[in-house]
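> Take a look at this one; I'll ask things after.
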Amino acid sequence: MTTIMDIRNLTKNFPGDNDMLQVLEGVSFSIQPQEFVCIVGPSGCGKSTLLRLLDGLLRPSSGEIIFEGKPLQGPKQRIGFVFQEANLMPWRTTIENIILPLELKGLPREVFFERAQSMIELVGLKSFEAMYPRDLSGGMAQRVAIARALISEPDVLLLDEPFGALDALTRERMGSELIRVWKARKVTVLMVTHSIDEAVLLSDRVLVLSRRPASVCLNLPISLPRPRKLEMTHTQAFGKLAGKIREGIQSS
Ligand SMILES: Nc1ncnc2c1ncn2[C@@H]1O[C@H](COP(=O)(O)OP(=O)(O)OP(=O)(O)O)[C@@H](O)[C@H]1O
Ligand SMILES: [Mg+2]
């Protein structure tokens, strides 16, 4: 299998009042096509910074990001981003929010309407097309954000704590929905989460970042069989994996 993203010795510093704030230090890992990888780590260690680097929104201080065989130079349509907050345009309906990226590309409405319809079905928003963000629940709004990120048909989907603002039950449901979408679209997923259980339940591999300046202190394959059910969280195999991750975070 070829690598879709190769992250080599990534360093990121931000200028501070007196000196540089070192956020990432020698971060290296690679992602295979259609893998589902979760990133966890102590609060403030640089997880969001890492995702913004991988999206091309930020430039690394040193090191390289190789995307589909070439150095990443800036934002790419082949990479989609979903933030913790849905960030929808309040004056646009569900469907109008979803088609926004295609509209910005200057495509005529007829061309992308069909794609939008299939996206709406994919994320379970049928009959919510004409609603405005103020009338959507948090989970629904996040579905719109995921559909908006997927409409450009990215190869990689980056998600920064996409379910962090949702209640526990909605969060669990959204996790399994995301797995369904991941399978249907054959997209590569890289997701930051605060929840160790969520990371083990969803992913093929978990990367643990150390405290700042962060590097990858644990790269743990999750070989639990799929489909995974919530009940699995009570098994010994699951507990062992979650324990390793917890230990990794604590000892970082
Ligand atoms: N644009 C910026 N300029 C200066 N400092 C920044 C900038 N962006 C992030 N930082 C700093 O970098 C560090 C890492 O921030 P980041 O948001 O990446 O952490 P995080 O792991 O996502 O945190 P959390 O778990 O709270 O989401 C923080 O100390 C933050 O203040
Ligand atoms: Mg963050």
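Residue numbers (the numbering used here): 230 to 481.
For each residue, glycine too, the CB sits at the ideal point set by N, CA and C.
Predicted model only: the values in this text are computed from it and were never measured.
Would you report the Cα separation of R344 and R414, rounded to the nearest angstrom?
Distance between the alpha carbons of R344 and R414: 13 Å.
> So which of A394, V385, P450 and K355 has the shortest CA-CA distance to M420?
Closest option to M420, Cα to Cα, is V385.
> Which two residues bound the contiguous beta strand (DSSP E) that contains V410?
Counting along the chain, V410 falls outside any beta strand (DSSP E), though it belongs to the alpha helix (DSSP H) covering A397 to R414.
> In the DSSP assignment, find the unbroken alpha helix (DSSP H) run with F467 in it and report its ends.
Residues Q465 to Q479.
> Just checking, does the region 376 to 393 make contact with the region 298 to 310 on the three C-beta pairs under 8 Å criterion?
Yes, the region 376 to 393 touches the region 298 to 310.
> Between which two residues does the alpha helix (DSSP H) containing S277 stretch?
Per DSSP, S277 belongs to the alpha helix (DSSP H) from K276 to L283.
> Taking only the alpha-carbon atoms, compute the straight-line gap between F243 and S277 and give it to the nearest angstrom.
The straight-line gap from Cα to Cα measures roughly 14 Å.
> Hey, how far is the Cα of A428 from the Cα of K299?
Their Cα atoms are separated by approximately 29 Å.
> I375 and I425 - do their beta-carbons sit closer together than 9 Å?
Contact: no.
> Where do the N-terminal and C-terminal ends of the alpha helix (DSSP H) with I294 fall, by residue?
Taken as a continuous stretch (DSSP letters only), I294 belongs to no alpha helix (DSSP H), being part of the beta strand (DSSP E) at S291 to F296.
> Would you call the region 467 to 476 and the region 280 to 287 touching, i.e. three or more CB-CB distances under 8 Å?
These segments do not touch.
> Which residue or residues does DSSP assign as beta-bridge partners of N316?
For N316, which the question treats as bridged, DSSP gives no partner whatsoever.
> What are the boundary residues of the alpha helix (DSSP H) that includes Q346?
It spans R338 to L351 - the alpha helix (DSSP H) in which Q346 sits, taken as one unbroken run.
> Alpha carbon to alpha carbon, how far is D248 from T399? Give it in angstroms, no decimals.
Distance between the alpha carbons of T399 and D248: 43 Å.
> Tell me where the alpha helix (DSSP H) around D426 begins and ends.
Run containing D426: I425 to L431, per the alpha helix (DSSP H) assignment.
> Helix or strand or just coil, what does DSSP make of P244?
In the structure shown, P244 sits in a strand (DSSP, three-state: E or B).
> For the region 331 to 338 against the region 353 to 366, do three or more pairs of beta-carbon atoms, one drawn from each stretch, fall closer than 8 Å, so that the two count as touching?
Touching, no.
> Mind checking which residues open and close the alpha helix (DSSP H) that includes R434?
Premise fails: R434 lies in the beta strand (DSSP E), R434 to L438, not in any alpha helix (DSSP H).
> Using alpha carbons as the reference points, say which of P442, V418, V437 and L447 lies closest to S266.
One point to set straight first is that residue 266 is Val, not Ser, in the sequence displayed. Here the closest residue by C-alpha is V418.
> Is K241 near ligand 2, in the sense that its beta carbon is under 8 Å from a heavy atom of that ligand?
Answer for K241: no, Cβ out of range of ligand 2.
> Contact check, L354 vs T322 under 8 Å by CB: the rounded distance?
L354 to T322, Cβ: 11 Å. No contact.
> What residue from L283, E293, G368 and F296 has the CA that sits closest to N316's CA?
That would be G368, whose Cα lies nearest to the Cα of N316.
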